[in-house]
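Visitor: Read left to right, the sequence shown gives residues 18 to 470 (my numbering). Using N, Cα and C, we set each Cβ at its ideal position, and we do this for glycine too. Values in this document were obtained by computation on a predicted structure and should not be read as measured data.
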Amino acid sequence: MASVKNVFPKYIQRPIKVQIVSREIPVENTIGNATYILNFLCYLRQAGCEIEYIIPNSSPNGKAPWCVISPTLFKLANLSVKDNWKIGRLLLRFNSLSDWFIESLRLIYDRLPETLKNMYRSAREQRQLTPLYAVASDVWNAPIMGEESDFIRSQFIRFKPDVVIANYAFLANVLDSPVLDKNVVKVILTHDVRHQRGAQFKKLGLASSEPYWNQERETLELSKAQVLLAIQQEDANLFKEMVPQCEVICMPISVKCHSHAIAQVPGRCLFVGSRVDHNYYGLQWFLENVWSKVIELNPRSSLYICGTVCDLIPESFPNVRLLGRVDDLKPEYGAAEVCLVPLLAGSGLKIKLVEAMSYSRACVSTSVGVQGLRDIVGTTTLVADTAEDFAMAVHTLLTHPDKRRWMEEQAYRYVSEKFSPEATYQPFVDYIHQHLQQVSNQPPIVHFNVVRS
């Protein structure tokens with residue numbers, strides 16, 4: 018992996034100070050946006066930035082009154098959370114005793130054998146209970162208000178950032194803070210196009226875990242930033258139309274290519290996803306409408322499902338195994354012949370698709386899954402939007418090893434060329450330095466030295 022040498026232009030006598038405001042604590046191997054954030058922070062840290070990660074809500078881990086900061090985040094940034102005590106990597110909150118009791122019960126559930134969990138999931142399905150998603154929407158995507166504003170203001174005053182990044186457009190109002198210096202670079206890490214996502218769910222008649230945004234509201238929030246970081250080019254093009262006064266930088270996730278130590282298992286399919294609405298609906302559609310057709314065509318096929326989305330799916334489908342959260346996905350990708358991205362709604366970049374390609378795996382996706390990556394259609398990924406076509410695409414890859422191996426080679430090449438750290442994150446780092454050079458009235462700076470390790 019390439020790393021950025023910690024060298025700053027002569028007019029900068031200290032690390033560039035970057036402050037990120039978010040409602041969630043990113044944990045590796047949990048959810049796509051967490052992977053994206055940690056990947057981004059890693060590059061900023063390698064570039065020599067000093068990073069503070071600010072959580073304005075007192076319960077970033079749901080109702081749990083405790084939270085263990087991931088080793089990766091702890092190493093990359095200083096974390097500050099409203100109403101929480103930090104002891105090393107441990108965050109503690111003492112303003113609700115009932116939360117301590119309820120979350121203790123949840124810990125017991127998490128440690129139950131999978132057989133008992135599956136009994137609970139089946140009972141829940143029979144009673145037709147609505148799944149509870151991982152994020153409480155009334156908190157997760159709410160703007161900063163009241164005491165949260167006071168907390169954020171105090172953090173700005175103390176840290177004196179050069180760059181402030183709002184994690185998602187719904188936190189854009191932090192950029193209006195009067196205590197921010199006029200030369201601060203104000204940024205929104207967009208992740209996706211909010212109003213497009215909501216419109217897709219509404220069109221399909223699906224309930225979303227997030228409130229609906231219209232284009233007018235999103236335009237208003239985006240206009241509070243100087244810089245918009247778009248996760249893929251289609252999003253970037255739309256943002257340029259919506260807010261032409263903003264600098265829009267296309268910044269996808271960076272990934273490295275992986276080798277495999279184990280052989281592929283004939284007929285093995287893989288889905289990786291967290292317990293968010295678009296994963297749940299897409300996987301539910303695949304299991305109920307596509308998987309039986311795959312089994313008819315390939316009776317020895319198997320499907321392994323990894324991630325917390327397993328909590329929402331009863332294990333009542335043939336040849337399907339729910340693994341839950343897996344700390345190391347490399348063996349699962351190594352065993353898979355085909356990776357699945359059967360999403361029905363959503364916007365942004367499908368990180369699970371990029372990740373699968375980084376493991377040199379051929380994929381089958383819906384059109385939604387390849388948004389922003391149209392150039393991979395037919396090379397690394399087969400695209401199908403009906404149950405019959407999706408099943409046939411899976412069958413094609415499982416029964417034509419030469420075609421599958423060719424697509425695996427294309428995936429490796431594509432990731433190597435398009436998703437290196439320098440290609441994805443360096444344009445934003447360059448923008449920061451150019452901005453600081455302009456406000457300091459210094460001569461133009463030279464490009465960074467990059468060291469490969």
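I'd like to know whether the C-beta atoms of P261 and L300 end up nearer to each other than 9 Å.
Guide: In the sequence shown, the residue the question calls residue 261 occupies position 244. In the sequence shown, the residue the question calls residue 300 occupies position 283. No, they are not a contact pair.
Visitor: Please classify R469: is it buried, with 16 or more other beta-carbons within 10 angstroms of its beta-carbon, or exposed?
Guide: Along the sequence shown, one-based indexing puts residue 469 at 452. Confidence at R469 is low in this model, with a pLDDT of 42, below 50, so its placement is unreliable and the value that follows should be read with caution. R469 is exposed by the Cβ-count criterion.
Visitor: Tell me the DSSP bridge mates of I104?
Guide: For this step, residue 104 is matched to residue 87 along the sequence shown. In DSSP, I104 forms a bridge with L107.
Visitor: Can we say the segment 160-171 touches the segment 68-86, given the rule of at least three CB pairs closer than 8 Å?
Guide: In short, these stretches touch, since the Cβ pair count reaches three.
Visitor: Under the three-state reduction of DSSP, which class applies to V152: helix, strand or coil?
Guide: Taking the first residue of the sequence shown as 1, we reach residue 152 at position 135. Residue confidence for V152 is low, a pLDDT of 39 falling below 50, so the modelled location carries little weight; the figure read from the coordinates is stated next. In this structure, V152 counts as coil in the three-state DSSP scheme.
Visitor: I'd like the ranges of any alpha helix (DSSP H) spanning at least 4 consecutive residues and lying wholly in the segment 261-302.
Guide: Fully enclosed alpha helix (DSSP H) runs of 4 or longer: 294-302.
Visitor: Between Y60 and V432, is the Cβ-Cβ spacing less than 9 Å?
Guide: Counted from its first residue, the sequence shown places residue 60 at position 43. Counted from its first residue, the sequence shown places residue 432 at position 415. Not closer than 9 Å, so no.
Visitor: With C-beta atoms as the reference, is L255 less than 9 Å away from V204?
Guide: Taking the sequence shown and counting its residues from 1, one reaches residue 255 at position 238. Taking the sequence shown and counting its residues from 1, one reaches residue 204 at position 187. No, these two residues do not count as a Cβ contact at 9 Å.
Visitor: Restricting to Cα atoms, I'd like to know which of I393, V326, S319 is closest to H412.
Guide: Taking the first residue of the sequence shown as 1, we reach residue 412 at position 395. The shortest C-alpha separation from H412 is found at S319.
Visitor: Pick from N190, H450, R421: whose alpha carbon is nearest that of C356?
Guide: Numbered from its first residue, the sequence shown carries residue 356 at position 339. When each option's Cα is compared against that of C356, the closest is R421.
Visitor: Is W102 buried or exposed, if buried means 16 or more other CB atoms sit within 10 Å of its CB?
Guide: Residue 102 sits at position 85 when you count from the first residue of the sequence shown. Exposed.
Visitor: If distances are taken between C-alpha atoms only, which option among D294, T89, L108 comes closest to P77?
Guide: Residue 77 sits at position 60 when you count from the first residue of the sequence shown. Taking only the C-alpha atoms, the option nearest P77 is L108.
Visitor: Around the Cβ of K92, are there at least 16 other Cβ atoms within 10 angstroms (buried) or fewer (exposed)?
Guide: Along the sequence shown, read from residue 1 onward, the residue named residue 92 stands at position 75. Result: exposed.
Visitor: Taking all protein chains shown into account, decide if I174 is buried (16 or more other Cβ within 10 angstroms of its Cβ) or exposed.
Guide: Position 157 of the sequence shown, counting from 1, holds the residue named residue 174. Looking at its Cβ environment, which holds fewer than 16 other Cβ atoms inside 10 Å, I174 is exposed.
Visitor: Taking the CB atoms as reference points, tell me whether V400 and T416 lie closer together than 9 Å.
Guide: Indexing the sequence shown from 1 puts residue 400 at position 383. Indexing the sequence shown from 1 puts residue 416 at position 399. Not a contact, by the Cβ cut-off of 9 Å.
Visitor: Based on Cα-Cα distance, which residue from F303, Q63, S364 lies nearest to F407?
Guide: Indexing the sequence shown from 1 puts residue 407 at position 390. Per the Cα distances, F303.
Visitor: When burial is assigned at 16 or more other CB atoms within 10 Å of the CB, is K219 buried or exposed?
Guide: The count along the sequence shown starts at 1 and reaches residue 219 at position 202. Exposed, by the Cβ-count rule.
Visitor: Do the segment 325-333 and the segment 374-391 touch if we need at least three Cβ pairs shorter than 8 Å?
Guide: With the cut-off at 8 Å, the segment 325-333 and the segment 374-391 do not touch.
Visitor: Across which residues does DSSP place L399 in a beta bridge pair?
Guide: Taking the sequence shown and counting its residues from 1, one reaches residue 399 at position 382. DSSP, once it has assigned bridges, lists V381 as partnering L399.
Visitor: In whole angstroms, give me the CA-to-CA distance for G163 and S75.
Guide: In the sequence shown, counting from the first residue as 1, residue 163 sits at position 146. In the sequence shown, counting from the first residue as 1, residue 75 sits at position 58. Distance between the alpha carbons of G163 and S75 is about 13 Å.
Visitor: Got a sec, what are the start and stop residues for the alpha helix (DSSP H) A189 sits in?
Guide: Mapped onto the sequence shown, residue 189 falls at position 172. Looking at the DSSP string, A189 is not in any alpha helix (DSSP H), and its letter there is neither H nor E.
Visitor: Below 6 Å CB to CB, which residues in the same chain sit around S377 once its five sequence neighbours on both sides are set aside?
Guide: Position 360 of the sequence shown, counted from the first residue, corresponds to residue 377. Once the five neighbours on either side are set aside, the close Cβ partners of S377 are E425, A428, Y429.
Visitor: Residues in its own chain within less than 8 Å of V85 by CB, not counting five upstream and five downstream?
Guide: Translated into positions along the sequence shown, residue 85 becomes position 68. Counting only Cβ-Cβ distances below 8 Å, and skipping sequence neighbours, we find R106, L107, L108.
Visitor: Taking its Cβ as the centre, do 16 or more other Cβ atoms sit within 10 Å of A278, making it buried, or is it exposed?
Guide: For the purposes of this step, residue 278 is identified with residue 261 of the sequence shown, where counting begins at 1. Flag for A278 reads exposed.
Visitor: Would you list the one or two residues that DSSP bridges to W83?
Guide: Counting from one through the sequence shown, the residue named residue 83 turns up at place 66. Answer is L109.
Visitor: Among F176, P316, L237, E372, which residue has its Cα nearest to the Cα of K347?
Guide: For the purposes of this step, residue 347 is taken as the residue at position 330 of the sequence shown. With distances taken between Cα atoms, K347 lies closest to E372.
Visitor: Look at the alpha carbon of I33 and the alpha carbon of G222, and state the distance between them as a whole number of angstroms.
Guide: In the sequence shown, residue 33 corresponds to position 16, counting from 1. In the sequence shown, residue 222 corresponds to position 205, counting from 1. The straight-line gap from Cα to Cα measures roughly 46 Å.
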